[in-house]
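A quick write-up on the structure given underneath.
Numbering (our numbering), first residue to last: 44 to 186.
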């Protein structure tokens, strides 16, 4: 089941964000306080969403996103901040989460929606099947 997150979910979300950080292979240290602040930001902002995947009462996936006016004038656009599903819960649940994200974006008047994929877990074929088109490739360099 996909549902909106609540403040009661914060410890489960921090754990998922820790797992996501490790899966991404980031060179910088994970900080639980920053993860908590990120989650609270998505809970409290009217221009953001926090969607959670729950199975048997356990939170096993999250999708955080926010909306903003596109800098080139396209209109309101939703952009995923982080999407992570625990490996044991992956599968068709991803589509349900994506459906909920797209419905949220439409409900607040977005004209476009964006998703990203990690180099360590490339799901771009899923996005293309869903009607997304490649737009940018991002690179990160530790300093």
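All residues carry an ideal CB built from backbone N, CA and C; glycine is no exception.
Range covered by the beta strand (DSSP E) that runs through residue i
i	result
residue 81	That residue, residue 81, is in no beta strand (DSSP E); its alpha helix (DSSP H) goes 75-87.
residue 59	It is not in any beta strand (DSSP E) - residue 59 instead sits in the alpha helix (DSSP H) that spans 53-67.
residue 98	91-98
residue 137	Premise fails: residue 137 lies in the alpha helix (DSSP H), 136-150, not in any beta strand (DSSP E).
Extent of the continuous alpha helix (DSSP H) to which residue i belongs
i	result
residue 120	Counting along the chain, residue 120 falls outside any alpha helix (DSSP H), though it belongs to the beta strand (DSSP E) covering 119-128.
residue 156	Not the alpha helix (DSSP H): residue 156 falls in the beta strand (DSSP E), residues 155-157.
residue 46	It is not in any alpha helix (DSSP H) - residue 46 instead sits in the beta strand (DSSP E) that spans 45-47.
Residue i vs residue j beta-carbon contact at 8 Å
i	j	result
residue 95	residue 105	yes
residue 159	residue 110	no
residue 93	residue 130	no
residue 85	residue 49	no
residue 45	residue 143	yes
residue 103	residue 132	yes
residue 61	residue 73	yes
Proximal residues to residue i (C-beta, below 8 Å), its chain only, five neighbours per side dropped
i	result
residue 172	none
Same chain, Cβ closer than 6 Å to residue i, neighbours up to 5 away in sequence not counted
i	result
residue 170	158
residue 167	160
residue 121	108, 110, 148, 153, 156
DSSP beta-bridge partners of residue i
i	result
residue 102	97
Other residues of its chain near residue i: CB distance less than 7 Å, five sequence neighbours each side excluded
i	result
residue 141	173
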